[in-house]
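Below you'll find the structure, written out as structure tokens, and then a few comments.
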Amino acid sequence: MRWLPALFAIMRREALRFVHQRERFISALVRPLVWLLVFAAGFRAALGLSITPPYQTYITYEIYIVPGLCGMVMLFNGMQSSLSLVYDREMGSMRLLLTSPLPRWWLLTCKLTGSTVISILQVYAFLAIAAAFGITMPTVGYVAVLPALMLAGLMLGALGLALSSFIKQLENFAGVMNFVIFPMFFLSSALYPLWKMAESSRLLHNICAFNPFTHAVELIRFALYGQFNFAALAWVLIATAVFGALALWGYDPARGLIRKRA
Amino acid sequence: MIADGVTTAALEVRNLSFSYGPKRALADVNFAVPSGFTALLGPNGAGKSTLFALLTRLFTSADGTITIAGHDLSRQPRHALAEMGVVFQQSTLDLDLTVQQNLLYFAALHGLSGRDAAQRAETALARLNMAERAGEKVRNLNGGHRRRTEIARALLHDPQVLLLDEPTVGLDAAARAAITQHVHDLAHDGMTVLWATHLSDEIQDDDHLLILHQGQLLRDGNVSKLRGKTPLSNYFLTLTGPKP
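Chains as they are written, first to last, in the working numbering: chain W, 1402 to 1663; chain E, 4 to 247.
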């Protein structure tokens, strides 16, 4: 049994699905751009940012939130992929995947890789538009960020996979938005640096520091400046392993919750 | 009336039980499917879909064994699944892809690609008289043609066993008769077919019959021998209908 055809076929299907849903691509781009061009413009006056690594000089708020918005693109994409899995399950087409004679972990990995590649393309499209508005990163950053984006995409994709095995119905997806996406995004370093959060609440700061999304954003932030953040990398790897294990458990035919709904 | 199992059967189920919490869906089911057409007949809620979910490993049961082409489904799931073609009750086609693209996607999930996959897709479609529709989007096909596409797809990897779970649901009478005949023809060519249904008119006299009711296998044998002179629909109703 050859394994690679499945990888290419699943990636191709993800890509086709994405191309078919042009609104999804546009909304994936518009969302972070609204934050960048409207929200950040309003906030730059309110938020003074001092010099913290990886920045070597005072920066504007627009510059600060670019990595967070890259993370946002990936977070939404990971959840979108989860949504499509729940949809597939409701429509029955997931059975095709689950009855393939390939190992289930490999099929889930293929799915994860497909959605991560789509996420990365969206992030680069976002970075290109940001650059067109004059918000640029060092050239080396655009290359160095690629592995960081891959890891962040895998982590958030694995979270999406795990969630998809636990969400009972499509209607429950709004709950995921409220209880996963928003807290993950707002309780992170995407919009404000952690030290700023610590000034207002120690508890919130600790939650932010625990949130794996914070570390995905920091990994991207440092990589965009050609730097390496070891702690963030470790967090992201651990979180990916945990989410991946949860997804495998959820999709296990003997133990997982899938049995009630397959 | 339960026949002795044939050990050489391509599909064999032994002592299979399954419960949804406290509700028992299958109780100690035993049967062997010989080559040819076997109908799994049962009213709605008899446990057919649960049995199919177990046969296709969508979920597993700790009680009992399922053997497909000599492979134990719980011990060698991948070998067993590779020998199985499945048509689910609910369509599993991607409506936005063409017939051919749907088949190639499935081929890839079975490790097939390139010219080999394309060749197999062509052969499978020709077998179901669907060759000229290869380039059409599934969304534009009628129910009967969608079903044929799914059957062609299920045959792509040359499985030994073909499982179909109420494949004629939602089809008009003509399409239903055509699909039923097609699959009977496949079975006459030597394929092992398990066809779940609640409609007795889809079953022919020389078929093998399993009657499932309330999670229990009531009958296992040749249709004409089982029913004698009673029409099959009456025979089925007497077994599974409300008791007077």
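The beta-carbon is built from N, C-alpha and C at its ideal position, and this holds for glycine as well.
Report all residues from its chain with a CB closer than 8 Å to the CB of residue i; omit the five preceding and five following residues, and keep chain order.
| i | result |
| --- | --- |
| W/Val1581 | Met1480, Leu1560 and Leu1564 |
| E/Val138 | Residue identity check: residue 138 of chain E is Gly in the sequence provided, not Val. Thr101, Val102 and Gln103, listed in sequence order. |
| E/Ala127 | Leu106, Ala155, Arg156, Leu158 and Leu159 |
| W/Phe1477 | Ala1429, Arg1432 and Ile1582 |
| E/Arg151 | Leu131, Asn132, Met133, Ile182 and His185 |
| W/Phe1665 | Lying before the first or after the last residue shown, residue 1665 of chain W is absent from chain W, which here runs from 1402 to 1663. |
Between which two residues does the beta strand (DSSP E) carrying residue i extend?
| i | result |
| --- | --- |
| E/His201 | Taken as a continuous stretch (DSSP letters only), E/His201 belongs to no beta strand (DSSP E), as it is neither H nor E. |
| W/Lys1512 | W/Lys1512 -> not in any beta strand (DSSP E); alpha helix (DSSP H) instead, spanning Arg1505 to Ala1533. |
| E/Gly88 | Met87 to Val90 |
| E/Thr41 | Gly39 to Leu44 |
| E/Ser20 | Leu14 to Tyr23 |
| E/Gly244 | Run containing E/Gly244: none; DSSP gives neither H nor E here. |
| E/Thr70 | Thr68 to Ile71 |
| E/Asp223 | Gln219 to Asn225 |
| E/Asp168 | Val164 to Asp168 |
What are the start and end residues of the alpha helix (DSSP H) that includes residue i?
| i | result |
| --- | --- |
| E/Arg136 | Per DSSP, E/Arg136 belongs to no alpha helix (DSSP H) and is neither H nor E. |
| E/Arg27 | First-last for E/Arg27: Lys26 to Val36, but that is the beta strand (DSSP E), not the alpha helix (DSSP H). |
| W/Asn1478 | Tyr1462 to Met1492 |
| E/Leu57 | Lys51 to Leu58 |
| W/Asn1607 | Arg1603 to Phe1611 |
| W/Val1581 | Element bounds for W/Val1581: n/a, residue is neither H nor E. |
Listing by chain order, which chain E residues have their CB less than 8 Å from the CB of residue i?
| i | result |
| --- | --- |
| W/Thr1500 | Thr59, Arg60, Leu61, Leu84, Met87 and Val89 |
| W/Phe1409 | Ala111 and Ser116 |
| W/Arg1404 | Per the sequence presented here, residue 1404 of chain W reads as Trp, with Arg not at that position. Within 8 Å Cβ-Cβ: Gly114. |
| W/Arg1425 | Ordered by position in chain E, no residue passes the 8 Å Cβ test against W/Arg1425, which lies about 13 Å from the chain. |
Assign residue i to buried or exposed, taking buried as 16 or more other Cβ atoms, counted over all protein chains shown, within 10 Å of its Cβ.
| i | result |
| --- | --- |
| E/Asp188 | exposed |
| W/Ile1639 | exposed |
| E/Tyr23 | exposed |
| W/Lys1512 | buried |
| E/Ile182 | buried |
| W/Tyr1459 | exposed |
| E/Thr241 | exposed |
| W/Ser1601 | exposed |
| W/Asn1612 | buried |
| W/Gly1505 | Contrary to the premise, residue 1505 of chain W reads as Arg rather than Gly in this sequence. Buried, by the Cβ-count rule. |
| E/Ala56 | buried |
| W/Thr1540 | exposed |
| W/Tyr1652 | buried |
| E/Lys51 | buried |
| W/Leu1664 | In the structure as shown, chain W begins at 1402 and stops at 1663. Residue 1664 of chain W is therefore absent and cannot be evaluated. |
| W/Met1677 | With chain W represented from 1402 up to 1663, any question about residue 1677 of chain W goes unanswered, as that position is not in the structure. |
| E/Pro25 | exposed |
| W/Phe1527 | buried |
Do we get a CB-CB distance below 8 Å when we pair residue i with the residues of chain C?
| i | result |
| --- | --- |
| W/Ser1516 | You won't find chain C in this structure, because its protein chains are W and E. |
So, at 7 Å on beta carbons, what are the nonlocal neighbours of residue i in its own chain, with the 5 sequence-adjacent residues on each side left out?
| i | result |
| --- | --- |
| E/His82 | His74 |
| E/Leu235 | Ser203, Ile206 and Val226 |
| W/Ser1483 | Gly1561, Leu1562, Leu1564 and Ser1565 |
| W/Glu1619 | Ser1590, Asn1630 and Ala1633 |
| W/Ala1441 | Tyr1462, Glu1463 and Ile1466 |
Given that residue i touches chain W, what residues does it touch there, using C-beta distances under 7 Å?
| i | result |
| --- | --- |
| E/Arg95 | According to the sequence provided, residue 95 of chain E is Thr. The question's Arg does not apply to it. Within 7 Å Cβ-Cβ: Gly1493, Ser1494, Arg1496 and Leu1497. |
In its own chain, which residues sit with a C-beta less than 6 Å from the C-beta of residue i, not counting the 5 before and 5 after it?
| i | result |
| --- | --- |
| E/Asp31 | Asn18 and Ser20 |
| W/Thr1641 | Leu1555, Met1556 and Ala1559 |
| W/Gln1523 | Ala1429 and Val1474 |
| W/Trp1436 | Leu1470 |
| E/Thr70 | Glu15 |
| W/Leu1588 | Ile1608, Cys1609 and Asn1612 |
Check the Cβ of residue i against every Cβ in chain E and list those closer than 7 Å, keeping chain order.
| i | result |
| --- | --- |
| W/His1421 | Asp99 |
Mind listing the chain W neighbours of residue i? Cutoff is C-beta to C-beta under 8 Å, in chain order.
| i | result |
| --- | --- |
| E/Arg81 | Met1402, Pro1502, Leu1503 and Pro1504 |
List, in chain order, every chain E residue whose beta-carbon is nearer than 9 Å to that of residue i.
| i | result |
| --- | --- |
| W/Ala1655 | Phe62, Thr63, Ser64, Ala65 and Ser77 |
Chain W partners of residue i, CB-CB under 9 Å?
| i | result |
| --- | --- |
| E/Tyr108 | Ala1410, Ile1411, Arg1413, Arg1414 and Leu1497 |
Contact between the region 157-174 of chain E and the region 76-94 of chain E: three or more CB pairs below 8 Å? yes
Would you check if the region 102-114 of chain E and the region 1409-1424 of chain W touch, i.e. whether three or more CB-CB distances between them fall below 8 Å? yes
The region 34-43 of chain E in contact with the region 177-196 of chain E per 3-pair CB rule at 8 Å: yes
Count Cβ pairs between the region 1499-1507 of chain W and the region 49-61 of chain E that sit closer than 8 Å; are there 3 or more? yes
Using a Cβ distance threshold of 8 Å, determine whether the region 1622-1634 of chain W contacts the region 1593-1611 of chain W, with at least three qualifying pairs required. no
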